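Enquirer: Attaching a single structure in structure tokens format; questions to follow.
In full-length UniProt numbering, the protein residues as written are 1 to 413.
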């Protein structure tokens, strides 16, 4: 009789262990806090519309650390290109690439005006050094590959020897428990604290636009600094020509050609289409930003980011502050996004429709899965089961070896 009792007890314990393992997987998925709730709620503006609920409505509430030290920014232009070419022989293609980088830097400086960072937020970032050959490859890379980086904030380790891999043209969803560093990672990518290839322009949409007298559509259009500068130059040259000064006719022709190449004539129509998709009527598009609530100014900021079309667009909870129609529009718009996207969201439907890949932040490291969020869940559950099965197999082997008289140290080897 006693042996039977012991066997029953062991069976019960084994059953309990399996339940615990399955519960661990379920809990880890719950910790991601991805909601498939399609309910509606009220907006905070006089132009209120139904809003799809997210469990966390505050924009950027994902992390316990909100601000990081901004990267040092320098104003550069054609003079900088000339300065470099005066000391180093470069090809026409390289000159063109340098000029493009400088122009985009000016756009980022324009977008970042007025931003502040908290001196109390201190980050420590470390990453593996690159060899001269690797550094040369980095210069022309279109993909992002950062190996063995670590990030800590106020003594808390957020990433430890993690690796970041982003392939050009894919749309990534970044998921993981709240407060574990998702927003921090986006900011460090945007600030280039991590080694991002120089020819990849990065834009993080994180702050609402300034509340002033500028109409919403103008805020979006002015984000394209090159177009704005060319139009200003065109106006001056045309005024000179009207006064009979024809010495700058060649330059005026060049300006016309450059404006045509960047599609300046269609820019306003494109900006208005994006704003309309995000819920702005024609009258609202021409309204000063100071007349909008913070939620609507956040929509203007999102419209501006979409209008700029950076090589890598970073979005942190983009569906917050959006009504259901705007979420559906953004969903459809990003499904055909041709460039690279990295998005943090708690909306499962959005992640399923938009993402081609999922990056899972787990135990201070990043794990990669092809497919959308639903596919990730299936693969993650399978991966955890395999890990648990392997762990139990090892445990059983150790017990058997111990039972045969082997020491614990030898059994673990």
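Cβ coordinates follow ideal geometry from the N, Cα and C atoms, glycine included.
Please read these numbers as outputs of a predicted model, since none were measured by experiment.
From residue 377 to residue 235, what does the alpha carbon distance come to, in whole angstroms?
Expert: Going by the C-alpha atoms only, they are around 56 Å apart.
Enquirer: Exposed or buried, which one is residue 404 when buried takes at least 16 other CB atoms within 10 Å?
Expert: Exposed, because fewer than 16 other Cβ atoms sit within 10 Å of the Cβ of residue 404.
Enquirer: Which residues bound the beta strand (DSSP E) around residue 315?
Expert: Unbroken beta strand (DSSP E) run through residue 315: 312-316.
Enquirer: Assuming the contact rule is C-beta atoms closer than 8 Å, residue 335 and residue 358 should be a hit. Round their C-beta distance to whole Å, please.
Expert: The Cβ separation is near 16 Å, so there is no contact.
Enquirer: Excluding the five sequence neighbours on either side, which residues of its own chain have a C-beta within less than 7 Å of the C-beta of residue 145, listed in chain order?
Expert: Counting only Cβ-Cβ distances below 7 Å, and skipping sequence neighbours, we find 165.
Enquirer: Closest to residue 370 by C-alpha separation, out of 362, 380, 142, 284, would be which residue?
Expert: That would be 380, whose Cα lies nearest to the Cα of residue 370.
Enquirer: Name the residue from 249, 225, 215, 142 whose alpha carbon lies nearest to the alpha carbon of residue 195.
Expert: Ranking 249, 225, 215, 142 by Cα distance to residue 195 puts 142 first.
Enquirer: Starting from the Cα of residue 219, find the closest Cα among 360, 290, 341 and give me that residue.
Expert: Nearest C-alpha to residue 219: 290.
Enquirer: So, at 6 Å on beta carbons, what are the nonlocal neighbours of residue 259 in its own chain, with the 5 sequence-adjacent residues on each side left out?
Expert: Result list for residue 259: 230, in chain order.
Enquirer: How many Å lie between residue 265 and residue 223 at the Cα?
Expert: If I take the Cα positions, the gap works out to 15 Å.
Enquirer: Taking all protein chains shown into account, decide if residue 193 is buried (16 or more other Cβ within 10 angstroms of its Cβ) or exposed.
Expert: Residue 193 comes out buried.
Enquirer: Quick one: is residue 71 buried, meaning 16 or more other Cβ sit within 10 Å of its Cβ, or exposed?
Expert: Interpretation of residue 71 is limited by its pLDDT of 36, a score under 50 that renders its predicted location unreliable; no figure is taken from the coordinates.
Enquirer: Report buried or exposed for residue 480, applying the criterion of at least 16 other Cβ atoms within 10 angstroms of its Cβ.
Expert: With the chain covering 1 to 413 only, the question about residue 480 has no answer from this structure.
Enquirer: Can you tell which of 227, 273, 214 has its C-alpha closest to the C-alpha of residue 287?
Expert: It is 214.
Enquirer: Taking only runs of the alpha helix (DSSP H) that begin and end inside the region 148-231, which ones reach a length of at least 4 residues, in chain order?
Expert: List check, alpha helix (DSSP H) in window: 182-190, 216-222.
Enquirer: Using the Cα positions of residue 440 and residue 239, report the straight-line distance between them to the nearest angstrom.
Expert: Not covered by the structure: residue 440. The range shown for the chain is 1 to 413.
Enquirer: What residue from 320, 314, 324, 328 has the CA that sits closest to residue 203's CA?
Expert: Nearest of 320, 314, 324, 328 to residue 203, Cα basis: 314.
Enquirer: Taking the continuous beta strand (DSSP E) assigned at residue 367, which residues delimit it?
Expert: It spans 365-370 - the beta strand (DSSP E) in which residue 367 sits, taken as one unbroken run.
Enquirer: Quick check: the Cα distance between residue 401 and residue 394, rounded to an integer number of angstroms?
Expert: Distance between the alpha carbons of residue 401 and residue 394: 11 Å.
Enquirer: Candidates 310, 301, 155: which alpha carbon is nearest residue 322's?
Expert: Closest option to residue 322, Cα to Cα, is 301.
Enquirer: Closest to residue 262 by CA distance: which of 250, 282, 225, 242 is it?
Expert: Out of 250, 282, 225, 242, 225 has the C-alpha closest to the C-alpha of residue 262.
Enquirer: Hey, residue 172 and residue 327: beta-carbon distance below 9 Å or not?
Expert: Going by C-beta atoms, residue 172 is not nearer than 9 Å to residue 327.
Enquirer: For residue 144, does the three-state DSSP call read helix, strand or coil?
Expert: Residue 144 falls in the strand class under three-state DSSP.
Enquirer: Please state the DSSP three-state secondary structure of residue 51.
Expert: The pLDDT assigned to residue 51 is 42, lower than 50, so where the model puts this residue is not dependable; a value taken from the coordinates is nonetheless given after this. Of the three classes helix, strand and coil, the one that applies to residue 51 here is strand, per DSSP.
Enquirer: Taking DSSP's pairing of strands, which residues face residue 358 in a bridge?
Expert: BP columns for residue 358 point to 173, 369.
Enquirer: Just reading off the beta strand (DSSP E) that residue 342 is part of, what are its end residues?
Expert: Here the beta strand (DSSP E) through residue 342 covers 340-344.
Enquirer: Taking DSSP as the reference, what is the three-state secondary structure of residue 374?
Expert: Correct three-state label for residue 374: helix.
Enquirer: So which of 168, 297, 339, 350 has the shortest CA-CA distance to residue 329?
Expert: Looking at the Cα atoms, 350 is the closest of the given residues.
Enquirer: For residue 363 and residue 163, I'd like the C-alpha separation in whole angstroms.
Expert: For residue 363 and residue 163, the distance between alpha carbons rounds to 13 Å.
Enquirer: The alpha helix (DSSP H) that contains residue 337, what's its start and end?
Expert: Segment: none, residue 337 is in no alpha helix (DSSP H) and carries neither H nor E.
Enquirer: Rounded to whole angstroms, how far is the Cβ of residue 271 from the Cβ of residue 312, which I believe are closer than 8 Å?
Expert: Not quite, the Cβ-Cβ distance comes to about 21 Å (not below 8 Å), so this is no contact.
Enquirer: Check for me: the alpha helix (DSSP H) holding residue 277 runs from which residue to which?
Expert: Where residue 277 is concerned, the enclosing alpha helix (DSSP H) stretches over 264-277.
Enquirer: Go through its chain and collect everything with a Cβ distance to residue 306's Cβ below 6 Å, but skip five positions before and after it.
Expert: Within the same chain, residue 306 has close Cβ partners 274.
Enquirer: Smallest Cα separation from residue 374: which of 352, 361, 254, 325?
Expert: Looking at the Cα atoms, 352 is the closest of the given residues.
Enquirer: For the alpha helix (DSSP H) holding residue 249, just list the boundary residues, first then last.
Expert: Note, residue 249: alpha helix (DSSP H), 249-261.
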